[in-house]
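82 is the number of the first residue of the sequence shown in the working numbering; add one for each residue after it. Glycine included, C-beta positions come from ideal geometry on N, C-alpha and C.
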Amino acid sequence: MLYLVGAGIYDTFEMCNSIDILKKCDRIYIEKFTSPISDNFIQNLKSTLEPGKKIEFVKRWLVEDGRQILDESKTLNIGLVSYGDPTIATTFTELRIRAVRNNINVKVIHAASGITSLVGESGLQIYKIGKLVTMMEERQSALSVYTTIFNNLNLNCHTIILTEYRQNEDESVFFMKPNDVISRLLEVEKDIKYEFVSENSFLIVLSRIGTDRQRIVSGKIKSLLGIDYGEGPHAIIFPSKLHFTEEDAILNLTEIIDRPDDNTAKIKCISDHMLNKYEPMIRNEIKQLRESLVSRKNEKIQLELLENAELYLDDAIRFFRQGKKELAVLSIGYVDGLVDSIKQILRIE
Numbered sequence: 082m083l084y085l086v087g088a089g090i091y092d093t094f095e096m097c098n099s100i101d102i103l104k105k106c107d108r109i110y111i112e113k114f115t116s117p118i119s120d121n122f123i124q125n126l127k128s129t130l131e132p133g134k135k136i137e138f139v140k141r142w143l144v145e146d147g148r149q150i151l152d153e154s155k156t157l158n159i160g161l162v163s164y165g166d167p168t169i170a171t172t173f174t175e176l177r178i179r180a181v182r183n184n185i186n187v188k189v190i191h192a193a194s195g196i197t198s199l200v201g202e203s204g205l206q207i208y209k210i211g212k213l214v215t216m217m218e219e220r221q222s223a224l225s226v227y228t229t230i231f232n233n234l235n236l237n238c239h240t241i242i243l244t245e246y247r248q249n250e251d252e253s254v255f256f257m258k259p260n261d262v263i264s265r266l267l268e269v270e271k272d273i274k275y276e277f278v279s280e281n282s283f284l285i286v287l288s289r290i291g292t293d294r295q296r297i298v299s300g301k302i303k304s305l306l307g308i309d310y311g312e313g314p315h316a317i318i319f320p321s322k323l324h325f326t327e328e329d330a331i332l333n334l335t336e337i338i339d340r341p342d343d344n345t346a347k348i349k350c351i352s353d354h355m356l357n358k359y360e361p362m363i364r365n366e367i368k369q370l371r372e373s374l375v376s377r378k379n380e381k382i383q384l385e386l387l388e389n390a391e392l393y394l395d396d397a398i399r400f401f402r403q404g405k406k407e408l409a410v411l412s413i414g415y416v417d418g419l420v421d422s423i424k425q426i427l428r429i430e
């Protein structure tokens with residue numbers, strides 16, 4: 082039988098049931114690649130088990146491959162221990178599915194999740210949490226994080242940004258610093274210019290949640306960049322518009338550097354940015370084409386096409402003001418194609 086056992090977020094097991102199950106396991110595996118498990122937790126676990134019971138630390142590949150664990154679970158009681166709740170990590174859900182497909186009995190021992198603890202400790206409302214995202218050390222991941230925050234803000238949802246944690250082959254541990262996460266978001270803002278990340282954006286930085294050394298700091302980016310947050314793990318929450326009860330919680334439950342602010346005050350959706358960018362550009366092209374056509378002879382048809390293009394452009398603005406943003410984008414795309422066609426005709430002539 083396979084037991085997927087959650088270690089919770091503290092240095093000791095939160096439920097006696099977990100200990101009872103591990104005591105009857107023939108083999109106990111502990112993984113530390115999804116999130117760190119403290120040495121204190123390991124020592125506390127060993128002290129509760131019978132002397133000589135072996136605990137093995139497994140590499141990522143062994144869990145992701147899964148064949149050894151599943152084969153052993155056919156004849157032995159196997160316990161696989163992971164940080165937080167085991168059903169949060171997709172790796173363990175996939176392993177659980179494979180066990181069921183192979184007629185292997187599997188049981189999940191749930192525990193407190195690091196994700197829900199981040200929400201609870203910050204005082205935010207969990208039903209306002211949007212898509213989660215992880216900032217990795219690779220530079221390209223910053224764009225994915227930036228886009229996720231943007232989409233969540235448009236839905237008035239908070240964004241939890243997990244930061245990369247990695248255990249190296251030499252047993253050293255890497256935790257990505259919150260300062261680096263914030264700096265990369267500012268870098269992407271300079272390129273994409275969706276205008277929602279600035280030095281005045283309000284964030285919550287959470288470090289070492291569930292330990293005696295946990296710290297929660299909230300403030301504007303310009304204030305947070307210079308802080309030393311110590312060792313990880315770290316997470317950042319990029320809030321959307323706060324409910325008054327959430328704001329009250331932040332003021333009382335976190336280390337306040339700056340008062341909470343509304344990160345959605347200036348947020349615009351992609352269609353807003355498209356119209357703001359293309360409408361003046363296309364209108365200027367229409368003006369230049371009209372001036373060029375007026376100076377020519379026998380260009381009546383092109384002038385009529387240009388007039389139609391301008392009418393479609395006016396339609397795009399009207400649709401936008403009516404909240405029909407999809408129609409606005411379609412209309413301005415049609416105008417752009419029509420103007421390009423007129424320009425091609427003039428080049429041929």
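Member of 339, 413, 334, 106 whose CA lies at the smallest distance from the CA of residue 455: No information on residue 455 is available, as it lies outside the stretch 82 to 430 that the chain covers here.
Residues sharing a beta bridge with residue 239, DSSP: Taking the first residue of the sequence shown as 1, we reach residue 239 at position 158. 210, per the DSSP bridge assignment.
Proximity below 9 Å, CB of residue 150 to CB of residue 196: Numbered from 1 along the sequence shown, position 69 holds the residue referred to as residue 150. Numbered from 1 along the sequence shown, position 115 holds the residue referred to as residue 196. Here residue 150 is not near residue 196, since their CB atoms are 9 Å or more apart.
Beta-ladder partner(s) of residue 188, from DSSP: In the sequence shown, residue 188 corresponds to position 107, counting from 1. In DSSP, residue 188 forms a bridge with 84.
Complete alpha helix (DSSP H) runs within the stretch 260-322 (minimum length 4 residues, chain order): Unbroken alpha helix (DSSP H) stretches of 4 residues or longer found wholly inside the stretch 260-322: 302-305, given in chain order.
The stretch 404-411 in contact with the stretch 348-356 per 3-pair CB rule at 8 Å: The stretch 404-411 is in contact with the stretch 348-356.
Same chain, Cβ closer than 8 Å to residue 423, neighbours up to 5 away in sequence not counted: Along the sequence shown, one-based indexing puts residue 423 at 342. So the list reads 370, 383, 386, 387, 390, once near-sequence residues are dropped.
Under 9 Å between C-beta atoms of residue 256 and residue 291: One-based indexing of the sequence shown puts residue 256 at position 175. One-based indexing of the sequence shown puts residue 291 at position 210. Cβ atoms of residue 256 and residue 291: not closer than 9 Å.
Cutoff 6 Å; reference residue 191; Cβ partners in own chain excluding five residues on either side: Stepping through the sequence shown from its first residue, residue 191 is reached at position 110. Answer for residue 191: 87, 166, listed in chain order.
Given 8 Å, three or more beta-carbon pairs between the stretch 197-207 and the stretch 320-332: Contact holds: three or more Cβ-Cβ distances are below 8 Å.
Between the CA atoms of residue 253 and residue 235 - distance to the nearest angstrom: To locate residue 235, count along the sequence shown from 1; it is residue 154. To locate residue 253, count along the sequence shown from 1; it is residue 172. Cα to Cα, the separation comes out at about 39 Å.
Close Cβ partners of residue 247 (< 6 Å) along its chain, the five nearest in sequence each way excluded: For the purposes of this step, residue 247 is taken as residue 166 along the sequence shown, with counting starting at 1. Within the same chain, residue 247 has close Cβ partners 255.
Limits of the beta strand (DSSP E) - the one that residue 108 falls within: The count along the sequence shown starts at 1 and reaches residue 108 at position 27. Per DSSP, the continuous beta strand (DSSP E) segment holding residue 108 begins and ends at 108-112.
Distance CB(residue 273)-CB(residue 227) smaller than 9 Å: Locating residue 273 in the sequence shown gives position 192, counting from the first residue. Locating residue 227 in the sequence shown gives position 146, counting from the first residue. Yes, these two residues count as a Cβ contact at 9 Å.
Euclidean distance between Cα positions of residue 381 and residue 414: Locating residue 381 in the sequence shown gives position 300, where the first residue counts as 1. Locating residue 414 in the sequence shown gives position 333, where the first residue counts as 1. Distance between residue 381 and residue 414, taken at the CA atoms: about 24 Å.
Closest residue to residue 194 among 218, 168, 210, 366 (Cα-Cα distance): Numbered from its first residue, the sequence shown carries residue 194 at position 113. Nearest option by C-alpha distance: 168.
Within 9 Å, strictly: CB atoms of residue 258 and residue 284: On the sequence shown, residue 258 is found 177 positions in, with the first residue counted as 1. On the sequence shown, residue 284 is found 203 positions in, with the first residue counted as 1. No.
Same chain, Cβ closer than 7 Å to residue 103, neighbours up to 5 away in sequence not counted: If you number the sequence shown from 1, residue 103 lands on position 22. Contacts found: 86, 109, 130, 160.
CB of residue 214 within 9 Å of CB of residue 243, strictly: Here the question's residue 214 lines up with position 133 in the sequence shown. Here the question's residue 243 lines up with position 162 in the sequence shown. Yes, these two residues count as a Cβ contact at 9 Å.
Spatial neighbours of residue 289 in its chain, beta-carbon cut-off 6 Å, leaving aside the 5 residues before and after: Sequence index remark: in the sequence shown, residue 289 carries index 208 (1-based). 295, listed in sequence order.
Extent of the continuous beta strand (DSSP E) run through residue 137: Locating residue 137 in the sequence shown gives position 56, where the first residue counts as 1. Element bounds for residue 137: 136-139.
Range covered by the beta strand (DSSP E) that runs through residue 248: Numbered from its first residue, the sequence shown carries residue 248 at position 167. 246-248 is the span of the beta strand (DSSP E), which, as asked, contains residue 248.
DSSP state of residue 195 mapped onto helix, strand, coil: Taking the sequence shown and counting its residues from 1, one reaches residue 195 at position 114. The answer is helix: DSSP assigns residue 195 an H, G or I state.
Beta-carbon proximity of residue 198 to residue 90, cut-off 9 Å: Position 117 of the sequence shown, counting from 1, holds the residue named residue 198. Position 9 of the sequence shown, counting from 1, holds the residue named residue 90. Less than 9 Å separates the beta-carbon of residue 198 from that of residue 90.
Inter-residue spacing [alpha-carbon to alpha-carbon] between residue 332 and residue 238: On the sequence shown, residue 332 is found 251 positions in, with the first residue counted as 1. On the sequence shown, residue 238 is found 157 positions in, with the first residue counted as 1. Straight-line Cα distance between these residues: approximately 19 Å.
Other residues of its chain near residue 145: CB distance less than 7 Å, five sequence neighbours each side excluded: Here residue 145 corresponds to residue number 64 of the sequence shown, with the count starting at 1. Spatial neighbours of residue 145 in its own chain (CB-CB distance under 7 Å, excluding positions within 5 residues in sequence) are listed in chain order as 172.
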